[in-house]
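Peer 1: The structure follows.
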Amino acid sequence: MPSVEIGKNVFVTQAEALQATSERLGNEFEESVRMIMTTSGRVIVSGMGKSGIIGNKIAATLASTGTPSFAVHPAEAYHGDLGMFTKGDVAILISYSGETEEVIRLIPSLKHFGVKIIALVGNPSSTLGKNSDLVLDVGVDREACPNNLAPTTSTTVTLAMGDALAVALIERRHFMPQDFAVFHPGGSLGRRLLTRVRDVMHSPVPCNIPTNSLREVIMTITQGGLGLTVIADNGTIQGLITDGDLRRSLFDNQGLNGVTGGDIMTRTPMTVNENEMFSAAENTMLKANITSLLVVDDNGILAGVLKLQDARKII
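For the sequence shown, the UniProt record's numbering assigns the number 1 to the initial residue and increments by one for each residue that follows.
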């Protein structure tokens, strides 16, 4: 069989397993979200081998979306790291078989500490399943591996279950983009979400008065280098003229004689407050299909111009 067909079969197998798992979600998932939401402690994720790798990702996703969380290696936990667990914590233990020795050995100590256990297992009747407070079934009919041995489909489903928990918690916590940015200040996404309009706007702004001739308007736009000029009176915005407005005017009037800035300006240009988050202003421009926004201060006075291309400054 060609490799492309093999690859396609893997996607189909895993997609079917994900669909089947979604249809099994029920009360225990709801209770798991509620348990994590109401805990006074942290969420500690643990698993061996591939399950441990998936657990690391689940813990990282939870931590970055408002749920205090970290991963612990079960073998290391049994040799001292159990001190990381405290009463009020919730443990997410991952073992597809539900019989992984290093994971099972944690159960008595966690119960002694008063830690609640959510199990991600492929066999709810396993030792882990029977000794957990809640069980989330990540069982699959078979792995995508042709020998049905290498964790493939099962790890995908387990990862998706962790993502499902994280997204449900995002909704429950009303976790917003600004909150996400607080946990990601070093990346381009964090910078974008934390940046305010005033941080990237262009100022001073090219301006004209309504009685200026079209020739004077063209000179101002050319010298300003922003592709626009604002028609204003002592900072009070009266209109906006862009390169596009000029082209349309030249086409309609077949010349410049007698045409003033006031004749061709857009009289109600969109504006944004200088203290608004840049991400919100960017969304406004994208939805309105415009490339510029006039920026005003708290008194409604012209403060600058925001260009859609300014997003590049933040990346």
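Every residue, glycine too, gets a C-beta built ideally from N, C-alpha and C.
Keep in mind it's a predicted model, so treat the numbers as computed, not measured.
Which value, in whole angstroms, describes the spacing of the CA atoms of Asp233 and Ile209?
Peer 2: 7 Å
Peer 1: Are the region 266-276 and the region 295-309 in contact at 8 Å, needing three or more beta carbon pairs?
Peer 2: yes
Peer 1: Could you check whether Thr155 and Ile44 sit closer than 8 Å to each other, using their CB atoms as the reference points?
Peer 2: no
Peer 1: May I have the straight-line CA-CA distance separating Leu120 from Asn56, to the nearest angstrom?
Peer 2: Rounded to whole angstroms, Leu120 to Asn56 spans 14 Å at the Cα level.
Peer 1: Beta-carbon within less than 6 Å of Lys50's beta-carbon, same chain only, minus the 5 sequence neighbours each way: which residues are those?
Peer 2: Pro151 and Thr155
Peer 1: Report yes or no: do three or more beta-carbon pairs, one from the region 15-29 and one from the region 61-73, lie closer than 8 Å?
Peer 2: no
Peer 1: Do you know offhand how far Lys130's Cα is from Ile117's?
Peer 2: 11 Å
Peer 1: With Val230 and Val200 assumed to form a contact (beta carbons below 8 Å), what rounded beta-carbon distance in angstroms separates them?
Peer 2: Contact doesn't hold; Cβ gap of about 18 Å is too wide.
Peer 1: Please confirm if the region 35-42 is in contact with the region 136-152, defined as three or more CB-CB distances below 8 Å between the two stretches.
Peer 2: no
Peer 1: DSSP on Glu6, reduced to helix/strand/coil?
Peer 2: According to the sequence as given, residue 6 is Ile; it is not Glu. In the structure shown, Ile6 sits in a helix (DSSP, three-state: H, G or I).
Peer 1: On the CB-based measure, 16 or more other CB atoms within 10 Å of its CB, does Asp286 come out buried or exposed?
Peer 2: The question names Asp, but residue 286 is Leu in the sequence shown. With fewer than 16 Cβ atoms within 10 Å of its Cβ, Leu286 is classed as exposed.
Peer 1: Can you give, in chain order, each stretch of the alpha helix (DSSP H) that sits fully within the region 126-172 and has at least 4 residues?
Peer 2: 127-130
Peer 1: Tell me which residue opens and which closes the beta strand (DSSP E) that Ile118 is part of.
Peer 2: Residues Lys116 to Val121.
Peer 1: Expressed to the nearest angstrom, what Euclidean distance is found between the alpha-carbon atoms of Pro74 and Val115?
Peer 2: 15 Å
Peer 1: Would the beta-carbon of Arg105 fall within 8 Å of that of Tyr78?
Peer 2: yes
Peer 1: What beta strand (DSSP E) runs, 3 residues minimum, are completely inside the region 185-270?
Peer 2: Correct list: 228-233 and 236-242.
Peer 1: Hey, would you say Glu28 sits closer than 8 Å to Leu134, going by beta carbons?
Peer 2: yes
Peer 1: On the DSSP letters alone, give me the boundaries of the beta strand (DSSP E) that Val90 sits inside.
Peer 2: If you look at Val90, you'll find it in the beta strand (DSSP E) that goes Val90 to Ser95.
Peer 1: What is the C-beta distance between Ile241 and Met265, in whole angstroms, given that I count them as a contact (C-beta under 8 Å)?
Peer 2: The Cβ separation is near 5 Å, so the contact holds.
Peer 1: For Asn123, which residues from the same chain have a beta carbon less than 7 Å from its beta carbon, with the 5 sequence-adjacent residues on both sides left out?
Peer 2: Ser97, Gly98, Gly129 and Gly139
Peer 1: Since Ile44 is in the beta strand (DSSP E), which residue starts that stretch and which ends it?
Peer 2: Val43 to Gly47
Peer 1: With distance defined between alpha-carbon atoms, name the residue in Val10, Glu31 and Ala281 nearest to Arg172.
Peer 2: Glu31
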